[in-house]
Amino acid sequence: MSNSYIDSVYEQVLTRNPGEKEFHQAVHEVLESLEPVVERHPEYEEVALLERLVEPERQVIFRVPWVDDHGRVQINRAYRVQFNSALGPYKGGLRFHPSVNRGIIKFLGFEQIFKNALTGLGIGGGKGGSDFDPHGKSDNEVMRFCQSFMTELSRHIGESTDVPAGDIGVGGREIGYMFGQYKRLANAYEAGVLTGKGVGWGGSLARTEATGYGLVMFTERMLTTRQQSFDGQRVVVSGSGNVAIYAIQKAQELGATVVACSDSAGYVVDEDGLDLDLIREIKELRRGRISEYASAKPSARYVVGGSIWDVPCTVALPSATQNELNLLDAKTLVKNGVVAVAEGANMPTEPDATDFLKENGVLFGPGKAANAGGVATSALEMQQNARRDQWTFDHTAERLQQIMDSIHDRCAETADDYDHPGDYVFGANVAGFTQVADAMLAQGII
Ligand code: GLU
Numbered sequence: 045m046s047n048s049y050i051d052s053v054y055e056q057v058l059t060r061n062p063g064e065k066e067f068h069q070a071v072h073e074v075l076e077s078l079e080p081v082v083e084r085h086p087e088y089e090e091v092a093l094l095e096r097l098v099e100p101e102r103q104v105i106f107r108v109p110w111v112d113d114h115g116r117v118q119i120n121r122a123y124r125v126q127f128n129s130a131l132g133p134y135k136g137g138l139r140f141h142p143s144v145n146r147g148i149i150k151f152l153g154f155e156q157i158f159k160n161a162l163t164g165l166g167i168g169g170g171k172g173g174s175d176f177d178p179h180g181k182s183d184n185e186v187m188r189f190c191q192s193f194m195t196e197l198s199r200h201i202g203e204s205t206d207v208p209a210g211d212i213g214v215g216g217r218e219i220g221y222m223f224g225q226y227k228r229l230a231n232a233y234e235a236g237v238l239t240g241k242g243v244g245w246g247g248s249l250a251r252t253e254a255t256g257y258g259l260v261m262f263t264e265r266m267l268t269t270r271q272q273s274f275d276g277q278r279v280v281v282s283g284s285g286n287v288a289i290y291a292i293q294k295a296q297e298l299g300a301t302v303v304a305c306s307d308s309a310g311y312v313v314d315e316d317g318l319d320l321d322l323i324r325e326i327k328e329l330r331r332g333r334i335s336e337y338a339s340a341k342p343s344a345r346y347v348v349g350g351s352i353w354d355v356p357c358t359v360a361l362p363s364a365t366q367n368e369l370n371l372l373d374a375k376t377l378v379k380n381g382v383v384a385v386a387e388g389a390n391m392p393t394e395p396d397a398t399d400f401l402k403e404n405g406v407l408f409g410p411g412k413a414a415n416a417g418g419v420a421t422s423a424l425e426m427q428q429n430a431r432r433d434q435w436t437f438d439h440t441a442e443r444l445q446q447i448m449d450s451i452h453d454r455c456a457e458t459a460d461d462y463d464h465p466g467d468y469v470f471g472a473n474v475a476g477f478t479q480v481a482d483a484m485l486a487q488g489i490i
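Numbering (this note's numbering), first residue to last: 45 to 490.
This is the structure in structure tokens:
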């Protein structure tokens, strides 16, 4: 980076947060976009705005003891990073996965600040989670873990303070157990303290579908700028969780053929187009593995290990986890004629892979913008909770469509304004940053 202010901030991030490589990566990507912005706005440096932006407002790390089905005491470590509240209460998911550590939660929390700003719905950025692995645990074990986790977390959250939701490993079941425990401790039915709740008890219709649907809506709008659409595209979606499943559904609805998806063990290819009902039965009902798809479908093959990006496609939607698409994958995608790549997961594309795709004229939708539909619909859930109201599916999906269109256009316009036409990474970083920075300026040195 060639700006001395930005360089010195990044150096500080490296020395003050040793070993947190995903956090370094996320900060680097944003700071890289900000050179022309700090040059246009010298007032940011005068109030140490970037130095404050990269330092979370508050970080909580706590022990979660629970008893497993064999009567053994288990200990997990949990985090809540309340990164930035310039625009509203901290908002962001909880991730339960063995890979969770402080650096992972900080990278996710940092990204969340800009993503949430882009929604335009008045939400700050935060993230949390634990190294607890829900896979292979009984419902009762998951419940005991969630109750213990919430016993501590409840001191730090609240509907105007910090509003957690789901992420990898945290879905409707976990949110239910956590909400039950929160309600008991607070002695109040504070519906807006968590989002992703069940539809019968304060949850929003279309929240489950929102991240995947929003991803496809955003991608469709990028394709429109090149007079294209999803109709007739050959799509590969990595992952097979909540984001992937509803991205597949929406892409199919718009006329695409989705030929592959994956889990952490391998991927399936079905040249006939994936059978979504079967995937949902395996993943949502049975909590099973994607290999079961190939056992049930003669037209499908299952590949262990390897890279799902070897499967030729014109649209790629990485929706599994961070750093799942590397430079080699990007080269394969370009060789196979990919037109658009959009991130359903948070930071799934490695930085040199992103650069390669952009240099080769591929439409690239960064997660901050492309997957913002999930958290945006969480904000819509908070609106419904505040008014004790429940909107219809169609009304909520319509709001989501408007929000995704406006995020797309804001990114594109910001990129144009700074003479980076078509660069959605730059547009998302700068548009999100500017809104947060101006709010921070107005609110003084805090
Ligand atoms: N975990 C999701 C995200 O990465 C959703 C967060 C939320 O709904 O608060 O944006």
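For glycine and all other residues, C-beta sits at the position ideal for the given N, C-alpha and C.
Exposure of residue i, with buried meaning 16 or more beta-carbon neighbours within 10 Å
i      : result
Trp110 : buried
Tyr226 : buried
Ser46  : exposed
His491 : Only positions 45 to 490 of the chain appear in the structure, and residue 491 is not among them; the question remains open.
Arg431 : exposed
Arg454 : buried
Asp461 : exposed
Pro62  : exposed
Pro38  : Limits of the chain in this structure are 45 at one end and 490 at the other, which puts residue 38 out of reach.
Pro142 : exposed
Ile219 : buried
Residues of its chain near residue i, where Cβ-Cβ distance is below 6 angstroms and the 5 sequence neighbours each way are ignored
i      : result
Asn120 : Val108, Ser174, Asp175 and Phe176
Ala118 : One point to set straight first is that residue 118 is Gln, not Ala, in the sequence displayed. Answer for Gln118: Trp110 and Asp112, listed in chain order.
Thr458 : Gly471, Val474 and Ala475
Ser351 : Asp373
Gln191 : Gln225
Met426 : Gly236
Gln277 : Ala300, Thr358 and Val359
His452 : Phe262 and Arg265
Cβ distance (whole Å) where residue i is taken to contact residue j below 8 angstroms
i      : j      : result
Tyr123 : Asp206 : So it is not a contact: roughly 13 angstroms between Cβ atoms.
Phe158 : Gly476 : 3 angstroms
Ala386 : Gly409 : 3 angstroms
Val98  : Asn473 : Val98 to Asn473, Cβ: 13 angstroms. No contact.
Asp467 : Lys402 : 7 angstroms
Leu444 : Thr421 : 6 angstroms
Arg139 : Ile201 : That pair is no contact at about 16 angstroms.
Ser204 : Leu424 : Ser204 to Leu424, Cβ: 17 angstroms. No contact.
Arg60  : Ile105 : In fact, because the Cβ distance is near 16 angstroms, the residues do not count as touching under 8 angstroms.
Ala161 : Thr263 : Between Thr263 and Ala161 the Cβ distance is about 21 angstroms, and since that is not below 8 angstroms, they are no contact.
Residues near residue i in its chain [Cβ-Cβ closer than 8 angstroms; skip 5 each side]
i      : result
Val347 : Gly310, Tyr311, Val312 and Val313
Asp449 : Met261 and Arg265
Glu328 : Ile289
Glu79  : Met45, Ser46, Asn47 and Ile50
His464 : Phe470 and Gly471
Gly381 : Pro356 and Thr358
His85  : Ala481
Leu322 : Tyr337, Ala340 and Lys341
Own chain residues within Cβ distance below 7 angstroms of residue i, not counting five before or after
i      : result
Val125 : Pro100, Gln103, Ile149, Lys150, Gly153, Gly170, Lys171 and Gly172
Ala291 : Gly256, Leu259, Val260, Val281, Leu361, Ser363 and Gly388
Leu369 : Trp353, Pro362, Pro392, Thr393, Glu394 and Ala397
Asn184 : Asp113
Arg333 : Asp307 and Ala309
Simplified DSSP assignment, three categories, for residue i
i      : result
Asn160 : helix
Asp433 : coil
Gly332 : coil
Cys305 : strand
Leu131 : coil
Asp272 : First, the residue type needs correcting, since residue 272 is Gln and not Asp in the sequence shown. Coil.
Asn61  : coil
Thr285 : According to the sequence displayed, residue 285 carries Gly and not Thr. Gly285: coil per DSSP, three-state reduction.
Phe106 : strand
Lys171 : strand
Asp211 : strand
Gln126 : strand
Tyr468 : helix
Asp112 : coil
Leu280 : The amino acid occupying residue 280 in the given sequence is Val; Leu does not appear at that position. In the structure shown, Val280 sits in a strand (DSSP, three-state: E or B).
Asn145 : coil
Ile119 : strand
Leu259 : helix
Gly136 : strand
Asp314 : strand
Met45  : coil
Ser182 : coil
Val91  : coil
Ile447 : helix
Proximity test, residue i beta-carbon vs the ligand PLP heavy atom, cut-off 8 angstroms
i      : result
Gln271 : The ligand PLP is not among the ligands present in this structure, which contains only the ligand GLU.
Chain C within 9 angstroms of residue i, Cβ atoms only
i      : result
Glu325 : Chain labels in this structure do not include chain C; a single protein chain is all it has.
Fully enclosed by the segment 341 to 420, which beta strand (DSSP E) runs are 3 residues long or longer?
344 to 348, 359 to 362, 384 to 386 and 407 to 409
Which complete alpha helix (DSSP H) runs does the segment 185 to 235 hold, if anything under 4 residues is left out?
Taken in chain order, the complete alpha helix (DSSP H) segments of 4 residues or longer contained in the segment 185 to 235 are 216 to 230.
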